[in-house]
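Colleague: Have a look at the structure that comes next, please.
Residue numbers (the UniProt record's numbering): 1 to 165.
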(Lines of atoms letter the chains of each structure in order from A and count residues from 1; the text may use other names and numbers.)
(Lines give C-alpha, C1' and ligand atoms only; values in the text may rest on other atoms or scores of the structure.)
Protein backbone atom coordinates (compact mmCIF):
# COMPACT_ATOMS: atom_id res chain seq x y z
CA UNK A 1 0.00 0.00 0.00
CA UNK A 2 0.95 3.62 -0.26
CA UNK A 3 1.60 3.96 3.46
CA UNK A 4 4.14 1.11 3.51
CA UNK A 5 6.49 2.79 1.00
CA UNK A 6 9.44 4.76 2.35
CA UNK A 7 10.02 7.39 -0.35
CA UNK A 8 13.56 8.23 0.82
CA UNK A 9 14.69 4.61 0.51
CA UNK A 10 12.89 4.26 -2.81
CA UNK A 11 14.62 7.39 -4.17
CA UNK A 12 18.00 6.05 -3.04
CA UNK A 13 17.34 2.67 -4.69
CA UNK A 14 16.14 4.31 -7.92
CA UNK A 15 19.30 6.43 -8.00
CA UNK A 16 21.55 3.40 -7.45
CA UNK A 17 19.83 1.38 -10.19
CA UNK A 18 19.81 4.34 -12.61
CA UNK A 19 23.51 5.00 -12.03
CA UNK A 20 24.38 1.33 -12.47
CA UNK A 21 22.44 1.19 -15.75
CA UNK A 22 23.95 4.44 -17.02
CA UNK A 23 27.51 3.39 -16.11
CA UNK A 24 27.02 0.07 -17.87
CA UNK A 25 25.34 1.52 -20.99
CA UNK A 26 27.84 4.37 -21.45
CA UNK A 27 30.87 2.36 -20.22
CA UNK A 28 31.77 4.81 -17.46
CA UNK A 29 34.21 3.57 -14.85
CA UNK A 30 33.54 4.10 -11.15
CA UNK A 31 36.41 6.55 -10.73
CA UNK A 32 35.41 8.88 -13.56
CA UNK A 33 32.45 10.35 -11.67
CA UNK A 34 32.82 10.32 -7.92
CA UNK A 35 29.72 12.43 -7.23
CA UNK A 36 27.46 10.26 -9.36
CA UNK A 37 25.80 10.70 -12.69
CA UNK A 38 22.40 11.66 -11.34
CA UNK A 39 23.20 14.70 -9.25
CA UNK A 40 22.22 18.36 -9.41
CA UNK A 41 20.01 18.78 -12.52
CA UNK A 42 19.42 15.06 -13.01
CA UNK A 43 18.66 14.22 -9.39
CA UNK A 44 15.77 11.93 -8.45
CA UNK A 45 12.67 14.00 -7.66
CA UNK A 46 10.79 12.65 -4.66
CA UNK A 47 7.57 14.41 -5.65
CA UNK A 48 7.67 12.62 -9.00
CA UNK A 49 8.20 9.28 -7.22
CA UNK A 50 5.29 10.02 -4.86
CA UNK A 51 3.04 10.77 -7.84
CA UNK A 52 3.98 7.44 -9.43
CA UNK A 53 3.41 5.58 -6.17
CA UNK A 54 -0.04 7.16 -5.92
CA UNK A 55 -0.79 6.21 -9.52
CA UNK A 56 0.40 2.63 -9.11
CA UNK A 57 -1.47 2.13 -5.85
CA UNK A 58 -4.73 3.54 -7.24
CA UNK A 59 -5.11 0.92 -10.01
CA UNK A 60 -5.47 -2.86 -9.61
CA UNK A 61 -2.53 -4.61 -11.25
CA UNK A 62 -3.43 -8.28 -11.49
CA UNK A 63 -1.90 -10.02 -14.50
CA UNK A 64 -5.30 -10.97 -15.88
CA UNK A 65 -6.46 -7.37 -15.95
CA UNK A 66 -3.22 -5.95 -17.35
CA UNK A 67 -3.14 -8.42 -20.24
CA UNK A 68 -6.65 -7.83 -21.50
CA UNK A 69 -6.68 -8.17 -25.27
CA UNK A 70 -9.79 -6.09 -25.89
CA UNK A 71 -8.71 -2.80 -24.31
CA UNK A 72 -5.55 -1.49 -22.75
CA UNK A 73 -5.52 -1.15 -19.01
CA UNK A 74 -5.50 2.50 -17.81
CA UNK A 75 -2.21 1.91 -15.99
CA UNK A 76 -0.54 0.72 -19.20
CA UNK A 77 -1.91 3.73 -21.08
CA UNK A 78 -0.54 6.07 -18.40
CA UNK A 79 2.88 4.43 -18.51
CA UNK A 80 2.95 4.63 -22.32
CA UNK A 81 2.13 8.33 -22.22
CA UNK A 82 4.75 9.02 -19.55
CA UNK A 83 7.46 7.10 -21.39
CA UNK A 84 6.59 8.68 -24.74
CA UNK A 85 7.44 12.10 -23.24
CA UNK A 86 11.08 11.02 -22.87
CA UNK A 87 11.50 8.32 -25.55
CA UNK A 88 10.88 8.31 -29.29
CA UNK A 89 9.69 4.77 -29.89
CA UNK A 90 7.30 3.40 -27.25
CA UNK A 91 5.35 0.28 -28.21
CA UNK A 92 2.99 -2.02 -26.40
CA UNK A 93 3.92 -5.64 -27.19
CA UNK A 94 2.37 -8.89 -26.07
CA UNK A 95 4.66 -11.90 -25.99
CA UNK A 96 3.56 -15.50 -26.15
CA UNK A 97 5.56 -17.96 -24.04
CA UNK A 98 7.38 -20.79 -25.74
CA UNK A 99 5.38 -24.03 -25.56
CA UNK A 100 8.57 -25.98 -24.88
CA UNK A 101 9.08 -24.25 -21.52
CA UNK A 102 6.94 -26.31 -19.13
CA UNK A 103 8.20 -24.59 -15.97
CA UNK A 104 6.82 -21.23 -17.07
CA UNK A 105 3.06 -20.86 -16.95
CA UNK A 106 1.32 -17.66 -18.02
CA UNK A 107 -2.38 -17.35 -17.51
CA UNK A 108 -4.68 -15.69 -19.99
CA UNK A 109 -6.88 -12.77 -19.03
CA UNK A 110 -10.08 -13.68 -17.31
CA UNK A 111 -13.17 -12.96 -19.36
CA UNK A 112 -16.51 -13.82 -17.88
CA UNK A 113 -20.10 -13.42 -18.96
CA UNK A 114 -22.62 -12.38 -16.37
CA UNK A 115 -26.28 -13.23 -16.86
CA UNK A 116 -29.03 -11.42 -15.02
CA UNK A 117 -32.60 -12.66 -14.97
CA UNK A 118 -35.80 -11.20 -13.64
CA UNK A 119 -37.21 -13.69 -11.15
CA UNK A 120 -40.24 -13.93 -8.92
CA UNK A 121 -39.86 -12.52 -5.41
CA UNK A 122 -38.75 -14.80 -2.58
CA UNK A 123 -41.97 -14.19 -0.63
CA UNK A 124 -43.81 -16.27 -3.25
CA UNK A 125 -41.53 -19.22 -2.48
CA UNK A 126 -42.14 -18.74 1.24
CA UNK A 127 -45.94 -18.82 0.85
CA UNK A 128 -45.73 -21.79 -1.50
CA UNK A 129 -43.55 -23.70 0.99
CA UNK A 130 -45.99 -22.91 3.84
CA UNK A 131 -48.96 -24.07 1.75
CA UNK A 132 -47.22 -27.33 0.80
CA UNK A 133 -46.19 -27.96 4.43
CA UNK A 134 -49.75 -27.35 5.64
CA UNK A 135 -51.16 -29.67 2.97
CA UNK A 136 -48.68 -32.44 3.82
CA UNK A 137 -49.37 -31.97 7.55
CA UNK A 138 -53.12 -32.30 6.95
CA UNK A 139 -52.65 -35.45 4.87
CA UNK A 140 -50.42 -36.91 7.61
CA UNK A 141 -52.99 -36.17 10.31
CA UNK A 142 -55.78 -37.70 8.21
CA UNK A 143 -53.82 -40.89 7.64
CA UNK A 144 -52.69 -41.31 11.26
CA UNK A 145 -56.14 -40.54 12.69
CA UNK A 146 -58.24 -42.28 10.06
CA UNK A 147 -59.95 -44.50 12.66
CA UNK A 148 -61.28 -41.40 14.44
CA UNK A 149 -62.51 -39.98 11.15
CA UNK A 150 -64.25 -43.27 10.39
CA UNK A 151 -65.97 -43.29 13.81
CA UNK A 152 -67.02 -39.68 13.34
CA UNK A 153 -68.53 -40.44 9.93
CA UNK A 154 -70.37 -43.51 11.28
CA UNK A 155 -72.00 -41.46 13.98
CA UNK A 156 -73.79 -39.40 11.35
CA UNK A 157 -74.91 -42.29 9.27
CA UNK A 158 -77.96 -44.33 10.19
CA UNK A 159 -77.61 -47.99 10.60
CA UNK A 160 -79.31 -50.02 7.92
CA UNK A 161 -82.28 -51.88 9.31
CA UNK A 162 -82.85 -55.37 8.08
CA UNK A 163 -86.22 -56.96 7.86
CA UNK A 164 -86.59 -60.13 9.73
CA UNK A 165 -89.32 -62.66 8.98
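The beta carbon of each residue, even a glycine, is placed where N, CA and C say it ideally should be.
Can you tell me which of the three DSSP states residue 103 falls into?
Modeller: Three-state DSSP puts residue 103 in coil, outside helix and strand.
Colleague: Does DSSP put residue 36 in a helix, in a strand, or in coil?
Modeller: Coil.
Colleague: For residue 144, report the span of its alpha helix (DSSP H) as first-last.
Modeller: 122–144 is the extent of the alpha helix (DSSP H) around residue 144.
Colleague: Using a Cβ-Cβ cut-off of 8 Å (strictly less than) and excluding sequence neighbours within five positions of residue 92, which residues of its own chain qualify?
Modeller: Excluding residues within five positions, the ones whose Cβ falls inside 8 Å are 72, 76, 80.
Colleague: Give me the Cα-Cα distance between residue 58 and residue 4, rounded to the nearest whole angstrom.
Modeller: Distance between the alpha carbons of residue 58 and residue 4: 14 Å.
Colleague: Within the chosen definition, does the stretch 4–24 reach the stretch 35–54 through at least 3 CB pairs nearer than 8 Å?
Modeller: A contact exists between the stretch 4–24 and the stretch 35–54.
Colleague: Once the 5 residues before and after residue 149 are set aside, which same chain residues still bring their CB inside 8 Å of it?
Modeller: So the list reads 142, once near-sequence residues are dropped.
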